[in-house]
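In my numbering, the protein residues as written are -18 to 367.
Next up, the structure:
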């Protein structure tokens, strides 16, 4: 039956994140650091709000754009905490996770043959959604010697006149890199000069451990050409609730909403109610989780360095991206052998783009006990190969 498949779908590669996660699920006593999913439960005040909404019979559709109460509260939150001003009436769309928001942007803006600039390494869904849209992908390498921060010179080399979209993701998945306002300003100038729409995926913005996160849309001339993507999955431990959002110019949001209303209709009302409560009263619980991630971050970085691997210090998100090239193994071979020999699952760097080769991604959104045992298994494996 493969002859009936779209050529675009046939060219779509399976997610490199899920490959080893699914394999690990078939084995006993495996520790998995593969999926970026908090080990915390969603804060109780948010779960309680969702439970109460169910008890009150709130099981219906919402507006395509999402509950107006949620959009209003989100608009106030963004203005207060991020310096972003978006109308809840026509500049905010509640989506099924941030990944749907990214997909909607690409489907609304791209036609086959359009170019898209994607940092490499970066989250696997960017290239996947671009491929489905028929776009021509231009990878922009992120280099360890630049702390995995996007450089304008590399953008210039990757750019071609058909480029329409630039993807940004800071704090970055998989590297944990961040960018300061001063470092983002040249990127903003480049986007303006080349008439690019910017997808700024800031899902990890609250998980910034040093300095202050700068929303890209706050930079000069960037508000109308930036689609600000974020969500509740990471900072509020709501991965399974699937609640994200996108903010931007009303013309772009209207186009995305039209696609959303035919394919999704609306995000689940119970999850929207929980997110609303999180904005109102979940701040203290969120801060406690962030402090714990910061502590685990230092444990992981120190652990990799002590076993003899070069490890960039991530200042955001909840991933470490150590360099495993000293072992002589490719990232795929390293990951496969590690799983078989030590029952430890990680993600090969190549899954995030060609420039990710020579690295692995490990999430530290797991308990300290699991992380310490994982480091012990990793050290045993690495020592045999150094």
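Just so you know, even glycine gets a beta-carbon here, dropped at the ideal spot from N, CA and C.
### Query
Exposed or buried, what is residue 34 when buried is set at 16 or more other beta-carbons lying within 10 Å of its beta-carbon?
buried
### Task
For the region 349 to 356 and the region 289 to 301, state whether three or more C-beta atom pairs, one from each stretch, are separated by less than 8 Å.
no
### Task
For the alpha helix (DSSP H) containing residue 105, list its first residue and its last residue.
105 to 113
### Query
Is there contact here, the region 162 to 175 with the region 194 to 203, by at least three beta-carbon pairs under 8 Å?
yes
### Task
Take residue 240 and list the residues in its own chain whose beta-carbon comes closer than 7 Å to its own, dropping the five residues that flank it on each side.
85, 88, 89
### Message
Can you find the residues in the same chain that come closer than 6 Å, C-beta to C-beta, to residue 281, ignoring five residues on each side of it along the sequence?
### Response
301, 345
#### Entry: DSSP-derived helix/strand/coil call for residue 264
helix
### Task
With a threshold of 16 other CB atoms inside 10 Å of the CB of residue 206, please say whether the residue is buried or exposed.
buried
### Task
Report the residue from 233, 293, 10 whose alpha carbon sits nearest the alpha carbon of residue 358.
10
### Query
What are the start and end residues of the alpha helix (DSSP H) that includes residue 86?
78 to 90
### Query
DSSP puts residue 342 in a beta bridge; with which residues?
328
### Message
Can you confirm whether the region 108 to 126 touches the region 254 to 270 when touching is taken to mean that 3 or more C-beta pairs between the two stretches lie within less than 8 Å?
### Response
no
#### Entry: Boundaries (first-last residue) of the alpha helix (DSSP H) holding residue 232
231 to 244
### Task
Check whether the Cβ atoms of residue 331 and residue 306 sit closer than 8 Å, and answer yes or no.
no
### Query
Any idea if residue 137 is buried or exposed, counting beta-carbon neighbours within 10 angstroms, 16 or more meaning buried?
exposed
### Query
DSSP three-state call for residue 168: helix, strand or coil?
helix
### Coil, strand or helix - residue 150 by DSSP
strand
### Task
Would you give the residue range spanned by the beta strand (DSSP E) that residue 209 belongs to?
207 to 212
### Task
Quickly, what does DSSP pair residue 228 with across the bridge? List them, please.
73, 209
### Message
Using a Cβ-Cβ cutoff of less than 6 Å, which residues in the same chain neighbour residue 181 once the five nearest sequence positions on both sides are dropped?
### Response
149, 197, 207, 209
### Task
Taking all protein chains shown into account, decide if residue 8 is buried (16 or more other Cβ within 10 angstroms of its Cβ) or exposed.
exposed
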